[in-house]
Amino acid sequence: MNTYEKLRCLAKSNKAQNLFLAVKELNGLTLFRNSNDLSKLQELYLSYLYLYDAINHDIVIDKISDKIFDYELYEDAYILWKNKGRKQVKKEDKNKQKELHLVVGNTINFPKRG
Amino acid sequence: MENRLNEAQRIIKEMEKETELSKVEELIKDNKISFEHDKKQYRVRLLNLSEKEELDTLRRKKFGQLLKDKDILLEKDLIEDYKQRGIDIADLDEQLKKLNAQDIDFQLKLGEAIAKNEGDTIFNNYREQIESVRNQKKEINAQKTLLLQFSLENALLNYVAQVITYLSLDVCENNNWKRMFSNLEEFQTYHDEQLINKAGQYSMYLQYL
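Residue numbers (the working numbering), protein chains in the order written: chain A, 7 to 120; chain B, 104 to 312.
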């Protein structure tokens, strides 16, 4: 395992995930000694913490099974698909907002229901 | 007896893994990396503003020198030369583009299959397809890297990596940290290659990915 693979392994560990949860919920607890100017390695570690936090959350609510941990590829693929879905929903919301026309004048176009 | 041996080996592997992970923890606990070399304490840290300006000045000077050197070609000129010799790098780029699109496409299908829990057979099928695409990508990337390794842009990147290491390496003397090298030439002619390589690797972890 190279350093980046070990970093990912570390972020995946129960210890790291529990600490991450505690940092999110408690004031004053920090992941790193520095509170700003993160190194690239720290940024990467943080992104892996968020990735495994999202996956663990979906396992806990029975959205997916823990077979996802069989391969890192499964983890990456699932998050990619999930994020694409999120972007799609945001796009649809934006388009829906554009359909609202309120023109001051003789005619007012109300959005269709149903 | 064999079971106990297997169990002992498993425990040793786990302990080794824990040791490796705690070494990585040391690399991320701060935005500086301290290490010992030949009984002396060193550290690599992020550049401050004046060091970034120094880096920028050195980079611009080097770029100017490289431009004047007729033996070093810009990437686009190197690509043109290769094309005249029958090696089409634009074609390699096209192939990479298609493979990247396939990689993403298969990953999305795999992600959806995982979300729908479609089963191991389907997962393995997508995984094998993705691995095949990635192996092809690796081959093409390696080919392209080899072909363009002597470009001006690459030479500049290597120089910048050197300068960053030179600027970010400190040594501890009498409990005080001070910059190890007072000028670039001193860094470039320093006798201890092992120290320079170690510092170079750590500065990469801090500044690049």
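Ideal placement from N, C-alpha and C gives every residue a C-beta, glycine not left out.
About 6 Å separates the CB atoms of Leu124/B and Cys15/A; that is less than 8 Å, so the two are in contact. Comparing C-alpha distances from His140/B to each of Ile243/B, Gly303/B, Gln297/B shows the shortest one belongs to Gln297/B.
The way I'd put it, the segment 26–45 of chain A doesn't touch the segment 69–84 of chain A; fewer than three beta-carbon pairs between them come closer than 8 Å. Contact between Asn151/B and Gln48/A is ruled out by a C-beta separation of about 17 Å, above the 8 Å threshold.
Listed in chain order, the positions of the segment 28–60 of chain A with a beta carbon within less than 7 Å of a beta carbon of chain B are Phe38, Arg39, Asn40, Asp43, Leu44, Ser45, Lys46, Leu47, Gln48, Leu50, Tyr51. Within the segment 29–92 of chain A, the runs of alpha helix (DSSP H) that reach at least 4 residues and sit entirely inside it are, in chain order, 46–66.
Counting only runs of at least 3 residues, the segment 249–305 of chain B fully encloses the following beta strand (DSSP E) elements, listed from N- to C-terminal order: 272–276, 279–282.
Across the structure, Glu11/A and Tyr54/A are spaced so that their CA atoms are roughly 11 Å apart. If you draw a straight line from the Cα of Ile115/B to the Cα of Leu108/B, it is about 11 Å long. Looking at Trp280/B, Asp273/B, Leu259/B, the one whose alpha-carbon comes closest to that of Asp172/B is Leu259/B. Bridge partners of Tyr145/B according to DSSP: Phe138/B, Val274/B.
In the three-state DSSP reduction, Asn101/A falls in the helix class (H, G or I).
In the three-state scheme derived from DSSP, where H, G and I count as helix and E and B as strand, Met7/A is classed as coil.
Spatial neighbours of Cys275/B in its own chain (CB-CB distance under 6 Å, excluding positions within 5 residues in sequence) are listed in chain order as Gln144. Between Gly222/B and Trp87/A, the C-beta gap is not smaller than 8 Å, which leaves the two residues out of contact. In this structure, DSSP gives Asp191/B a state outside helix and strand, which the three-state scheme calls coil. At a cut-off of 8 Å between beta carbons, Ile67/A makes no contact with chain B.
For the C-beta of Asp82/A, the chain B residues within less than 8 Å are, from N- to C-terminus, Gln210. Among the CB atoms of chain B, one or more fall inside 8 Å of the CB of Lys90/A.
C-alpha of Leu52/A to C-alpha of Thr160/B: approximately 32 Å in a straight line. If you look at Met118/B, you'll find it in the alpha helix (DSSP H) that goes 105–131. Per the C-alpha coordinates, the member of Arg237/B, Tyr311/B, Ile182/B, Ala216/B positioned closest to Asp206/B is Arg237/B. Contact annotation: in the segment 294–310 of chain B, residues whose CB is within less than 8 Å of a CB in chain A are Tyr308, Leu309, Gln310. With 16 or more other Cβ atoms from the protein chains shown falling within 10 Å of its own Cβ, Met283/B counts as buried. Closest in C-alpha terms to Ser254/B, from the list Thr268/B, Leu195/B, Ser271/B, Asp174/B, comes Asp174/B.
In the structure shown, Leu309/B adopts helical secondary structure according to DSSP, grouped into three states. Cβ neighbours of Gln310/B within its own chain (closer than 6 Å, five residues either side excluded): Ile267. Within the segment 124–149 of chain B, the residues whose Cβ lies closer than 7 Å to any Cβ of chain A are, in chain order, Leu124, Val127, Glu128, Leu130, Ile131, Lys132, Asp133, Asn134, Leu149.
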